[in-house]
Structure formats: C-alpha cells, structure tokens
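Number of protein chains: 2
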Amino acid sequence: MQYCTEKLIEIWFDKDQDGAKSLRNIPYAELVVMLDIADCHILHSRSNGCMDSYVLSESSMFVSNFRIILKTCGTTRLLHAVERILQLAKVYCNMDNVISVFYSRKNFMQPGQQPFPHSSFETEVDYLEKYFPGGSAYYIGPQRKDCWFLYTMVVPKAAFPFPEHTLEILMTELPEDVLSVFTTIVSKDGKDCRMKSAINTIIPLDTIVHEELFNPCGYSLNGLIPKSDQYITIHVTPEPNFSYVSFETNQNTLNLCEQMLEVVEIFRPKKFLLTIFSNELSNEGLKVQKSLSDLIFRGYHRNNFQFLQLPNETMVYAQFQLSKDFEQLSVNVNKKKFSANNENSGTKDFLSQ
Amino acid sequence: MQYCTEKLIEIWFDKDQDGAKSLRNIPYAELVVMLDIADCHILHSRSNGCMDSYVLSESSMFVSNFRIILKTCGTTRLLHAVERILQLAKVYCNMDNVISVFYSRKNFMQPGQQPFPHSSFETEVDYLEKYFPGGSAYYIGPQRKDCWFLYTMVVPKAAFPFPEHTLEILMTELPEDVLSVFTTIVSKDGKDCRMKSAINTIIPLDTIVHEELFNPCGYSLNGLIPKSDQYITIHVTPEPNFSYVSFETNQNTLNLCEQMLEVVEIFRPKKFLLTIFSNELSNEGLKVQKSLSDLIFRGYHRNNFQFLQLPNETMVYAQFQLSKDFEQLSVNVNKKKFSANNENSGTKDFLSQ
C-alpha cells in the first residue's frame, strides 16, 4: 500500500547565463532516460508552445524554458534524477546555474517502504545539499502528525521579475462516492472521470488537457493554459484505504480563491493541507494568502496555520479537518450520491476492499 | 564548551480542579530535591506575593499559583525534573491536571554533549509525549542552521481568560566590550553588571530584582513586577567563543516593542532570534507580533520570519543578523568603547581566550 507518496521538485535555471537556451531543447529520448532513473516513464505529452507537459506513469512533469517541475509518486526515486537533469541542462541548454529549487512533500505514512534517500526527510536533505548547497530545510506543521517538508535554495539576488505563485492542495481520506469515479468500473476513460467528477468545472475553458485513467483505478490530469507558463495538475489515488488527491496550479486565469474552494467541494476529503507560495509581484497570490486566514471552508475547521517568509517569496500553510458534525452529514450525502451514481454494484465491493 | 544550551519549560495546571491549591505551597526542601534531579540548585529567591522567583546555579525558576517556569542551561537534565514536578503538584496542591505545556529551546551547537533525552529534539519529544500526550512538536526556522524547537500541549477548551504574552530574545556572538561587563574582572557584583551594562534601563523602576555575577564570569537576573504574575529574566554567557544572552519576559508595564529594541541595542549580538507568544486577550502581545513584520532593528537584516497559530494563541518567530556594513562599524565602536571601559588589561586577555 502506498499512502500519499508524492514528491515534488521545481528547479529554476538562470536564463541570463551566457548562451542559455530553453530546457525544451532537451531531446525527448534524453527525458525518457532521465525519467527511467527516477523509475517512471512518459505516457503522453502536450505543448502550448511555451511549456511541454508530460503525464507520467507516476504523476507529471512540466518543462518550461527555464523551469522544470517533476512530481512523482509511489516508490519512485525522484531525487536520483536530479543529477541527470543538471547534466541535460548543461549539455543541451548551456545552463549550469540553478537559481532556485523547491523540493517538498507531505509526511509519508510508510517511510520505510521508500527507496533511499526518500525514507526520511533528513536523508533527502543530505542528498539535496550535495546538488543545491546552501539551501534551507523547513519542517512545517506539527511533526509526527500530518505535516509537510520543504527544502529550498535560492541564489542571493536571483531576480524573478514576474508575478509567480503556486497553490497546492493535498487531500486525504476521501468519500467513496468521490473515489469511485476514478475507477474503470465507473468511468470509461480520463475524460469520463473529468466530466463525472466535475473537475471540468474548475479548469479554465480553453485549457489544453491530457489525462489518464489507470486500470483498475487512479487518475492523472495535466492542463496547460494556452500561450503561458501556467499549468494545472491533478492526481487521484482512489483506493479507499489510502485515498489521496493532489491539486497544483500556478494559473492566473480563474479566481484562485474560488478555485481552491471548488476543489475541496469536489473532492470532500476528511483532511487536507494547502500551501500557497507567492512572490511580491503576484497580486493574485498575495490576495489568496491573505484571504486564507479568514477563509471558511464550509464543514471544515482549520487545525494548523503557518506563515513563512523565504528570500524571494512568502508561503502560507494550512491544515483543515472535516468537523465531526459534517463528517456524519457527509457520509449520508455520500451514500445517497453513491447509490445514485453507481450503476455497477461491483464498484462498492471494489471500494470496500 | 557549552553553546546556547538553554532549555525552557512552562507548565500550567488547572486552577479549577477540585481542591486545587497554589503551587507556592510546595515546600522549599522539595523544590531543592526536584532541582537536584535536573542537576542544578537554588542560589537565592525572592517573592512578590504572587510569584516566587529563584535564581539557580544554572538559570532560573518562577513558581506562580498555577504555573511553573523552569529554565536551565549547561548539561542540566531539565526534562528529568518533570515527573517530580507533576508529583509535587499532586501531593501538595491537589492538582494532576496539566492544561498547557510549552517546552522550547534553540538548536544546540553540540548536541552530543547533552545528557539523555536532550541530545536530540526527537528524543526530547519522545520523553515529553510520555508526560504530556497529544502535544505537537514544531521545528521553527531553517533546520541545520539557527533554528528553534517547540513542543506544546494544550488541553482542548482549556480556558485562559486573561491576557497572556511572552517575549523571548536569544542572542549569540556578542561584541567583547558588551561581554566584558559580565566578568569579575570588570564588575564587582550583579548590581554592578546591571548598571554598567545599562540593563537597569530596560527594567521597570520598581522591579524586585535579584541577580548573580558568577566567578569568573556569567550573569543571571530575575525580576518580579510587584503584585503581579509578571517577570523578567536575563542570562548572560560571556565567553567570547560561545557567547549567548537570553532575555525573557511577560511584562506588561513597559512598552514591549521598545523594550525589545532596547535589549538588542544593549547587547548588540551578531545574530538573534526572537519569539513572541500572545493569546487573543493580550493587546500588547498582538500589537508587538503585528509590528514585528515591519520593525527595523537598525543595522540588522531579518533572515527568517514565521507565524504559527496554536490552539489558544499565536506565535511569531524571527531571526536577525547584523548586516555586513554594520558588523565592521560595530567592531570599531566596540574597540573604542572597550578600551574606554576596560580599566584592567587582563580582561582583554581573558576575553580573547
């Protein structure tokens, strides 16, 4: 069993380095080899002309001109791919100057099942410090409970002269009727998942989407906003015993605050944590960070809230839990919705496994 | 050598428990035995009728009616005293209901020199969880650098119907002219230290002070504001290779923000971190927390800022470092001041050791 095993790295290269070329010049075959080191492979890809999007066997990758985002789950060896990423950037793009890195993940429920160095944040930090020296390791939230880890390195005076924000929502313990949609029993393909789950309603209309419904269950979606560096990525692990959904975006098209509320309404997790990074130039990011301290997610109470100032940006972190009263209510609503949606009685058996 | 080895615990008992009596009923002899377990002893004590203050061989203790604060340094075994504190509260005060606990410390430079369980925050948390189950462990600030640990347990719905805030400033790498004052070479006793260092200017006039200048160096001050639960405590470790000063208060008499600025002006550390806890009823605490995000400590830049919401209060954490330009300036000022102050050439030799 794999509980919330997602790992996320975002690496920014210095676009002002002499002779620097876009990371999108790295040949496809080289990306395949790099991902093989991390223990995953490409299922399909799309591009909006600014950024290339890859849906992977285990999560997602986005390659922009000077930024690479790699998110993997399961027992993948994400950090093992770092050295190769740096080599590829040097060989194909003349860039060996990383100006900013963010590595983050939620606490693992079964860290012992993770390959080195992912079995502890300590060993991950050791590993990261070799490639990105001088970074800072943060433990956010109460340790030994639901919490979140961040390693970040920013080159002093690295300039980010454009608005930048990232919202991530990590959801656990989802209701069965929500989860059932992301199985081959209830849905016939990725698009079917998207429509039935109402995910389509929280994505800008013109988003370039590619997605995957895994067999027998599991769902990944990558979305690219046309002609921009903006993406949306959603991953669903629907096994009821270790259900997990992640939503991540840096989009600036829809109201971010409303989108955040809608994501939680769609997935109705028992628990979720969210992080919002924003630099000073992102009005939208700063607005959402600010609103979060008073924002009501109906039916949830907030049991943790932290604010962190980093060299080039600020980060807000919050944990929420479904209130006891609503938990009961939610169960009833789910049961009703579940029986209405469920055209195949096998689903219930599958989900109860 | 002992670098910043202070450990601090604050325990609140439930005053509404049937038959509860003040912790100040615990006999002196019992306190002596309890402190012996922690590896320290009482040098002298004072009382303001609401709270008893003890200057210890290693730091300080304050006993109020329903709260005990114990701060120890060196290789003391602070947490070993917890079991005895709980026993004493039960036997002498009919209280076995702890409603709130805060254990905190800065990272140790040489954790290997600390006795169990103080060699790591992990083992400290294991220990604390036995006595105060259900608490939360927070790692604040960037790990493996200057950072700060907090374990806190609050009984749900524990009522604190009075304003409460605590300011702590932990300072390291102090200039030699400041440090020299806290040696028997420059000062003849505690009072002499207080006057020469200008500490007297940052303490309310009517404070009940008792203090100690250690031989050959080191200084502790406890201050009680008359007829109140308010205290001030200052500890100075003046050895230049591992200089450290802590300032802690919950006072509400002087402007807390001004006091904070003055403390840093007096000690001029190269680095300091500060924490401000405040509950919702403390206007002064909330005001200082709020002001901190914009507050300028002249000559310093802030390299970390975090905000944390706890069940009954909020906590603000910030780290500051002397700016490079001011470092040079400070050295020059110090040299000048040092030679003016220094009537005994032996001081310089001592401080250069």
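Just so you know, the protein sequences line up as chains A and B, in that order.
As numbered in this note's numbering, residues 42 to 394 make up the first sequence, in order.
As numbered in this note's numbering, residues 42 to 394 make up the second sequence, in order.
Cβ coordinates follow ideal geometry from the N, Cα and C atoms, glycine included.
What you are looking at is a predicted structure, and each value in this text was computed from that prediction instead of being measured.
Contacting residues, own chain, Cβ-Cβ under 7 Å from residue i (five flanking each side not counted)
{"i": "G60 (chain B)", "result": "N135"}
{"i": "S228 (chain A)", "result": "V222, C234, K237 and L254"}
{"i": "N167 (chain B)", "result": "According to the sequence displayed, residue 167 (chain B) carries Asp and not Asn. For D167 (chain B), where only same-chain residues beyond five positions count, the Cβ hits under 7 Å are P158."}
Own chain residues within Cβ distance below 8 Å of residue i, not counting five before or after
{"i": "F223 (chain A)", "result": "C234, S238, L254, C258, G259, Y260, V277 and P279"}
{"i": "K62 (chain A)", "result": "Y133, C134, N135 and M136"}
{"i": "Q155 (chain B)", "result": "T46, T116 and F149"}
{"i": "L322 (chain A)", "result": "F201, P202, F203, P204 and E205"}
DSSP bridge partner residues for residue i (one or two, in chain order)
{"i": "G264 (chain A)", "result": "A:V250 and A:I273"}
{"i": "C258 (chain A)", "result": "A:T224"}
{"i": "T355 (chain A)", "result": "A:S319 and A:Q350"}
{"i": "D93 (chain A)", "result": "A:S88 and A:V104"}
{"i": "H82 (chain A)", "result": "Bridge partners of H82 (chain A): none, in fact."}
{"i": "H206 (chain B)", "result": "B:S319"}
{"i": "N135 (chain A)", "result": "The partner list for N135 (chain A) (beta bridge, DSSP) is empty, contrary to what the question assumes."}
{"i": "I61 (chain A)", "result": "One detail in the question is off: residue 61 (chain A) reads as Ala in this sequence, not Ile. Per DSSP, none; premise fails for A61 (chain A)."}
{"i": "Q307 (chain A)", "result": "Note that residue 307 (chain A) is Ile in the sequence shown, not Gln. Bridge partners of I307 (chain A): none, in fact."}
{"i": "E51 (chain B)", "result": "B:I110 and B:F143"}
For residue j and residue i, believed in contact at Cβ under 8 Å, the rounded distance
{"i": "I110 (chain B)", "j": "E51 (chain B)", "result": "5 Å"}
{"i": "E252 (chain B)", "j": "L262 (chain B)", "result": "4 Å"}
{"i": "G46 (chain B)", "j": "A79 (chain B)", "result": "It is Thr, not Gly, that sits at residue 46 (chain B) in the sequence shown. T46 (chain B) to A79 (chain B), Cβ: 13 Å. No contact."}
{"i": "T248 (chain B)", "j": "I273 (chain B)", "result": "7 Å"}
{"i": "G153 (chain A)", "j": "S160 (chain A)", "result": "6 Å"}
{"i": "L314 (chain A)", "j": "Y358 (chain A)", "result": "7 Å"}
{"i": "T294 (chain B)", "j": "Q330 (chain B)", "result": "Wrong, their Cβ atoms sit about 19 Å apart, outside the cutoff."}
{"i": "F201 (chain B)", "j": "N106 (chain B)", "result": "The Cβ separation is near 14 Å, so there is no contact."}
{"i": "L208 (chain A)", "j": "T290 (chain A)", "result": "6 Å"}
{"i": "F318 (chain A)", "j": "V304 (chain A)", "result": "F318 (chain A) to V304 (chain A), Cβ: 17 Å. No contact."}
{"i": "N89 (chain B)", "j": "K268 (chain B)", "result": "6 Å"}
{"i": "Y180 (chain B)", "j": "Y192 (chain A)", "result": "Their Cβ separation, rounded to whole angstroms, is 13 Å, which puts Y180 (chain B) and Y192 (chain A) out of contact at 8 Å."}
Given residue i as reference, the closest of the options once Cα atoms are compared
{"i": "T213 (chain B)", "options": "B:S98, B:W53, B:K62 and B:Q360", "result": "B:Q360"}
{"i": "M194 (chain A)", "options": "A:V139, A:S88 and A:I317", "result": "A:V139"}
{"i": "A178 (chain A)", "options": "A:E321, A:S323 and A:E163", "result": "A:E163"}
{"i": "S86 (chain B)", "options": "B:Q362, B:H121, B:M102 and B:F313", "result": "B:M102"}
{"i": "I240 (chain A)", "options": "A:L49, A:I307, A:L97 and A:K198", "result": "A:I307"}
{"i": "G113 (chain B)", "options": "B:K131, B:C81, B:M92 and B:L129", "result": "Correcting the residue type first, residue 113 (chain B) is Thr in the shown sequence and not Gly. Measuring from the Cα of T113 (chain B), the nearest candidate turns out to be B:C81."}
{"i": "N324 (chain A)", "options": "A:G340, A:T242, A:I243 and A:F203", "result": "A:F203"}
{"i": "Q362 (chain B)", "options": "B:T207, B:R309, B:L327 and B:S269", "result": "B:R309"}
{"i": "P281 (chain A)", "options": "A:S94, A:L119 and A:L220", "result": "A:L220"}
{"i": "M75 (chain A)", "options": "A:H121, A:N256, A:E170 and A:F367", "result": "A:H121"}
{"i": "N66 (chain A)", "options": "A:D57, A:K198 and A:L129", "result": "A:L129"}
{"i": "F190 (chain A)", "options": "B:Q184, B:I337, B:Y192 and B:F190", "result": "B:Q184"}
{"i": "S141 (chain A)", "options": "A:W53, A:D57, A:L119 and A:D93", "result": "A:W53"}
{"i": "L64 (chain A)", "options": "A:L119, A:K131 and A:K365", "result": "A:K131"}
{"i": "D55 (chain A)", "options": "A:R108, A:D77, A:S332 and A:C91", "result": "A:R108"}
{"i": "S98 (chain B)", "options": "B:Y192, B:M92 and B:D77", "result": "B:D77"}
{"i": "Q151 (chain B)", "options": "B:K186, B:K328, B:F338 and B:V196", "result": "B:K186"}
{"i": "L119 (chain B)", "options": "B:C91, B:E165 and B:M92", "result": "B:E165"}
{"i": "T316 (chain A)", "options": "A:I337, A:L336, A:Q292 and A:F348", "result": "A:F348"}
Residues near residue i by beta carbon distance below 6 Å, same chain, minus five either side
{"i": "V188 (chain B)", "result": "Sequence check: residue 188 (chain B) is Cys here, not Val. Same-chain partners within the cutoff: N148 and G182."}
{"i": "G231 (chain A)", "result": "E252, E253 and L254"}
{"i": "V96 (chain A)", "result": "L84, H85, H251, E253, S261 and N263"}
{"i": "A172 (chain B)", "result": "As written in the sequence, residue 172 (chain B) is Tyr, which differs from the Ala given in the question. If we look at Y172 (chain B) and ignore the five residues flanking it on each side, its Cβ neighbours are V123."}
{"i": "V374 (chain B)", "result": "Confidence in V374 (chain B) is poor, its pLDDT being 46 and thus under 50, which makes the residue's placement unreliable; the coordinate value appears in the next sentence. Result list for V374 (chain B): empty, nothing under 6 Å."}
{"i": "N296 (chain A)", "result": "none"}
{"i": "P68 (chain B)", "result": "none"}
{"i": "S100 (chain A)", "result": "K112, T113, C114 and H276"}
{"i": "K311 (chain B)", "result": "E214 and L363"}
{"i": "L72 (chain B)", "result": "none"}
{"i": "V372 (chain A)", "result": "At V372 (chain A) the pLDDT is 49, less than 50, meaning the model places this residue with poor confidence; the figure from the coordinates comes in the next sentence. For V372 (chain A), where only same-chain residues beyond five positions count, there are no Cβ hits under 6 Å."}
{"i": "P174 (chain B)", "result": "none"}
{"i": "T225 (chain B)", "result": "N256 and P257"}
{"i": "F367 (chain A)", "result": "G340"}
{"i": "L49 (chain A)", "result": "K112 and S145"}
{"i": "G326 (chain A)", "result": "H206 and S319"}
{"i": "E170 (chain B)", "result": "none"}
Distance cut-off 6 Å: residue i Cβ against heavy atoms of the ligand NAP
{"i": "C134 (chain B)", "result": "As for the ligand NAP, it is missing from this structure, which has no ligand bound."}
Three or more beta-carbon pairs under 8 Å between the region 349 to 365 of chain A and the region 339 to 359 of chain B, yes or no? yes
Using a Cβ distance threshold of 8 Å, determine whether the region 122 to 137 of chain B contacts the region 288 to 307 of chain B, with at least three qualifying pairs required. no
Identify each residue in the region 182 to 206 of chain B for which the Cβ-Cβ distance to at least one residue of chain C is less than 7 Å, and report them in chain order. The question asks about chain C, but that chain is absent: this structure's protein chains are A and B.
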